[in-house]
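Heads up, the thing below is written out as structure tokens.
Protein chains: 2
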Amino acid sequence: MSEERREAGPVIVLVAPQLGENIGMAARAMANFGLRELRIVAPRDGWPNPAADAASAGAVHVLEAATLHATTAEAVGDLAFVLATTARARGQMKRVYGPADAVPELRQRAGEGQRVGILFGPERTGLENDDVALADGILTFPVEPRFASLNLAQAVLLVAYEWGRGGPLPFAAEPGTPPAPRVALLSMFDYLEAALDQAGFYPPDKRPPMARNMRDMFLRMDMTEQDVRTLRGAIRALVEGRMRRKA
Amino acid sequence: MSEERREAGPVIVLVAPQLGENIGMAARAMANFGLRELRIVAPRDGWPNPAADAASAGAVHVLEAATLHATTAEAVGDLAFVLATTARARGQMKRVYGPADAVPELRQRAGEGQRVGILFGPERTGLENDDVALADGILTFPVEPRFASLNLAQAVLLVAYEWGRGGPLPFAAEPGTPPAPRVALLSMFDYLEAALDQAGFYPPDKRPPMARNMRDMFLRMDMTEQDVRTLRGAIRALVEGRMRRKA
Numbered sequence: 361m362s363e364e365r366r367e368a369g370p371v372i373v374l375v376a377p378q379l380g381e382n383i384g385m386a387a388r389a390m391a392n393f394g395l396r397e398l399r400i401v402a403p404r405d406g407w408p409n410p411a412a413d414a415a416s417a418g419a420v421h422v423l424e425a426a427t428l429h430a431t432t433a434e435a436v437g438d439l440a441f442v443l444a445t446t447a448r449a450r451g452q453m454k455r456v457y458g459p460a461d462a463v464p465e466l467r468q469r470a471g472e473g474q475r476v477g478i479l480f481g482p483e484r485t486g487l488e489n490d491d492v493a494l495a496d497g498i499l500t501f502p503v504e505p506r507f508a509s510l511n512l513a514q515a516v517l518l519v520a521y522e523w524g525r526g527g528p529l530p531f532a533a534e535p536g537t538p539p540a541p542r543v544a545l546l547s548m549f550d551y552l553e554a555a556l557d558q559a560g561f562y563p564p565d566k567r568p569p570m571a572r573n574m575r576d577m578f579l580r581m582d583m584t585e586q587d588v589r590t591l592r593g594a595i596r597a598l599v600e601g602r603m604r605r606k607a
Numbered sequence: 361m362s363e364e365r366r367e368a369g370p371v372i373v374l375v376a377p378q379l380g381e382n383i384g385m386a387a388r389a390m391a392n393f394g395l396r397e398l399r400i401v402a403p404r405d406g407w408p409n410p411a412a413d414a415a416s417a418g419a420v421h422v423l424e425a426a427t428l429h430a431t432t433a434e435a436v437g438d439l440a441f442v443l444a445t446t447a448r449a450r451g452q453m454k455r456v457y458g459p460a461d462a463v464p465e466l467r468q469r470a471g472e473g474q475r476v477g478i479l480f481g482p483e484r485t486g487l488e489n490d491d492v493a494l495a496d497g498i499l500t501f502p503v504e505p506r507f508a509s510l511n512l513a514q515a516v517l518l519v520a521y522e523w524g525r526g527g528p529l530p531f532a533a534e535p536g537t538p539p540a541p542r543v544a545l546l547s548m549f550d551y552l553e554a555a556l557d558q559a560g561f562y563p564p565d566k567r568p569p570m571a572r573n574m575r576d577m578f579l580r581m582d583m584t585e586q587d588v589r590t591l592r593g594a595i596r597a598l599v600e601g602r603m604r605r606k607a
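The listed protein sequences derive, respectively, from chains Y and B. So the first sequence is numbered by the working numbering: it starts at 361 and just counts up by one. So the second sequence is numbered by the working numbering: it starts at 361 and just counts up by one.
In structure tokens, the structure reads:
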């Protein structure tokens, strides 16, 4: 899965990015979710850019493999399907995708061997209309309309995340010991209820429902055998501590 | 939808954040997707922090409403369900969620009136085990195992994005004019094919399949009436330009 994801992932095209920090953060976000092909069109501060390296948190393999282009048209020349990110309507008759609809389309095309890519505009102004016109469709994000401006690297992250969203988590729950067999639980409940009887815990007419409720509480813990042993030991310590204090 | 999302969204708890920039970027990411309750535990550089304001890109409503706490336990005191973000296994017997499984659980609990929250650790070290122990479950991200370290604000963004993922896009495709009726298309095809006949375009034995293929190409354009008028005008200009050159 991991290898395939990296091979087929969309090319990220940053058009006229202003801040090296954002280029570096975008590279880091790509690396987090296995995208690795970055293209940079006419970066304001030139290329390579030390601020990008510093912000990449070690995603140097992405920055070192990045290619530099003079125009957006040149940067998308070998791509078969291109989406342009924008936070506002552009009056262009293109299909509008959210990340969740875009990724299945990108993945299907990539699976057919098409090269696919996504354009991101400069921080302050976004893509120019002529750059949007190069694309097959528009990609936007389900943001709050009153606070719609995403940071450049954050927008790249959302695309990378959505691409990797179905992938495996880096670790799973602790395997632990298997769940306790019911007989161990029932034996612990009997032990606890006998101890509570001795301690005078139950009002005489309330014992059956109170005991059932407490069994319910413990059943919701989904205990392992080790948990049952630990809890039984804790109950015994309380009982024997009380006995010792009495003695 | 928008109001409801903001009301019910998870509380974001930043534990011992180091950089004001990251606090500000986290607030911006929250505002982008309609989360608004931020709690900050023992920030390294004090609070308020001018670097946070500068990086928030105007999400001051989130920063001004943020509350400051001395301990993580205090910050989660009123919450009924808490997840702890971590990039590595901690040997604690907790359920491990990805964002895509966590949000349905958070949304269900929030819908029942429970207050829910998510803990994020300091940039360099992540959450301490004692902070993780305060949580009901662990939240991690489907990152590439070899490049697993997410920036703090990026991690907050992914939670906020996943919370808002089902929401509406800020704009839709241009409504445009309605699709062209088939009769307008067929009339344009006839006009084009007659012009191509006159121009000697078709090899005699290939006309029927070539004409069908070209009709297929134009049908894939899913043209509006305006598109048909524009294209018909362009064909006429080519024909008449040729006539004029001949004259």
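Built from N, CA and C at the ideal position, the CB exists for glycine as well.
When the Cα atoms are used, what is the spatial distance from residue i to residue j?
{"i": "Arg399/B", "j": "His429/B", "result": "7 Å"}
{"i": "Asn382/B", "j": "Gly477/Y", "result": "29 Å"}
{"i": "Ala386/B", "j": "Leu517/B", "result": "7 Å"}
{"i": "Ala435/B", "j": "Ala440/Y", "result": "50 Å"}
{"i": "Gly458/Y", "j": "Asp496/Y", "result": "14 Å"}
{"i": "Leu545/B", "j": "Val588/B", "result": "7 Å"}
{"i": "Val442/B", "j": "Gln452/Y", "result": "44 Å"}
{"i": "Pro410/B", "j": "Gly380/B", "result": "7 Å"}
{"i": "Ala408/Y", "j": "Ser416/Y", "result": "Checking the displayed sequence, the identity of residue 408/Y turns out to be Pro instead of Ala. For Pro408/Y and Ser416/Y, the distance between alpha carbons rounds to 13 Å."}
{"i": "Glu522/B", "j": "Ala460/B", "result": "7 Å"}
{"i": "Leu552/Y", "j": "Glu424/B", "result": "51 Å"}
{"i": "Lys606/Y", "j": "Gly560/Y", "result": "15 Å"}
{"i": "Pro535/Y", "j": "Asn573/Y", "result": "29 Å"}
{"i": "Met570/Y", "j": "Pro403/B", "result": "46 Å"}
{"i": "Asp565/Y", "j": "Asp550/Y", "result": "18 Å"}
{"i": "Arg537/Y", "j": "Thr590/Y", "result": "The question names Arg, but residue 537/Y in the sequence shown is Thr. Taking the straight line joining both Cα atoms gives about 13 Å."}
{"i": "Ala414/B", "j": "Arg484/B", "result": "22 Å"}
{"i": "Arg567/Y", "j": "Ala389/Y", "result": "58 Å"}
{"i": "Ala470/Y", "j": "Gln468/B", "result": "36 Å"}
{"i": "Met603/Y", "j": "Ala597/Y", "result": "10 Å"}
{"i": "Gly473/Y", "j": "Gly526/Y", "result": "20 Å"}
Taking 9 Å as the threshold (C-beta atoms), are residue j and residue i in contact?
{"i": "Ala449/Y", "j": "Phe531/B", "result": "yes"}
{"i": "Val373/Y", "j": "Leu395/Y", "result": "no"}
{"i": "Pro482/Y", "j": "Gln586/Y", "result": "no"}
{"i": "Val371/B", "j": "Leu487/B", "result": "no"}
{"i": "Thr584/Y", "j": "Ala533/Y", "result": "no"}
{"i": "Leu510/Y", "j": "Ala444/Y", "result": "no"}
{"i": "Val401/Y", "j": "Thr431/Y", "result": "yes"}
{"i": "Gln514/Y", "j": "Ala513/B", "result": "yes"}
{"i": "Leu494/Y", "j": "Ala433/Y", "result": "yes"}
{"i": "Phe501/B", "j": "Leu529/Y", "result": "yes"}
{"i": "Gly309/B", "j": "Ala412/B", "result": "Lying before the first or after the last residue shown, residue 309/B is absent from chain B, which here runs from 361 to 607."}
{"i": "Asp490/Y", "j": "Leu479/Y", "result": "no"}
Tell me where the alpha helix (DSSP H) around residue i begins and ends.
{"i": "Gly471/Y", "result": "459-471"}
{"i": "Thr432/Y", "result": "432-435"}
{"i": "Phe549/B", "result": "542-558"}
{"i": "Leu591/B", "result": "585-606"}
{"i": "Leu423/B", "result": "420-425"}
{"i": "Gly380/B", "result": "380-392"}
{"i": "Leu518/Y", "result": "512-524"}
{"i": "Leu579/Y", "result": "567-579"}
Out of the options, point me to the one whose CA is closest to residue i's CA.
{"i": "Ala520/Y", "options": "Ala391/Y, Gly384/Y, Glu465/Y", "result": "Ala391/Y"}
{"i": "Gln558/Y", "options": "Glu472/Y, Pro528/Y, Ile595/Y", "result": "Ile595/Y"}
{"i": "Arg506/Y", "options": "Gly384/B, Trp523/B, Ala419/B, Glu600/B", "result": "Ala419/B"}
{"i": "Met548/B", "options": "Leu556/B, Tyr562/B, Arg592/B", "result": "Arg592/B"}
{"i": "Glu600/B", "options": "Ala555/B, Phe561/B, Met577/B", "result": "Ala555/B"}
{"i": "Asp438/B", "options": "Arg475/B, Phe480/B, Thr427/B, Met574/B", "result": "Arg475/B"}
{"i": "Gly524/Y", "options": "Arg469/B, Asp550/B, Glu504/B, Asp582/B", "result": "Glu504/B"}
{"i": "Met581/Y", "options": "Leu598/B, Arg455/B, Phe578/B", "result": "Arg455/B"}
{"i": "Leu579/Y", "options": "Arg542/Y, Pro538/Y, Gly526/Y", "result": "Arg542/Y"}
{"i": "Gly406/Y", "options": "Glu397/Y, Arg388/Y, Thr427/Y, Met577/Y", "result": "Thr427/Y"}
At what residues does the beta strand (DSSP E) containing residue i begin and finish?
{"i": "Phe351/Y", "result": "Since the first and last residues shown for chain Y are 361 and 607, residue 351/Y lies out of range."}
{"i": "Leu398/B", "result": "398-401"}
{"i": "Leu374/Y", "result": "371-375"}
{"i": "Val476/Y", "result": "476-480"}
When Cβ atoms are compared, which residues of the region 519-549 of chain Y fall closer than 9 Å to chain B? Residues Tyr521, Glu522, Gly524, Arg525, Gly526, Gly527, Pro528, Leu529, Pro530, Phe531, Ala532, Ala533, Glu534, Gly536.
Note down, in chain order, all residues in the region 405-434 of chain B with a beta-carbon under 7 Å from any beta-carbon belonging to chain Y. Correct list: Ala417, Ala419.
Which residues of the region 447-472 of chain Y have a Cβ closer than 9 Å to any Cβ of chain B? Give them in chain order. The region 447-472 of chain Y vs chain B, Cβ under 9 Å: Ala447, Arg448, Ala449, Arg450, Gly451, Gln452, Met453, Lys454, Arg455, Val456, Tyr457, Gly458, Pro459, Ala460.
Listed from N- to C-terminal order along the chain, which residues in the region 475-504 of chain Y have their beta-carbon within a distance smaller than 7 Å of any beta-carbon of chain B? Of all residues in the region 475-504 of chain Y, only Thr500, Pro502, Val503, Glu504 come within less than 7 Å of chain B when Cβ atoms are compared, listed by chain position.
Could you list the residues in the region 380-395 of chain Y with a C-beta less than 8 Å from some C-beta on chain B, going in chain order? Going along the region 380-395 of chain Y in chain order, one finds Met385, Arg388, Ala389, Ala391, Asn392, Phe393, Gly394 with a Cβ nearer than 8 Å to chain B.
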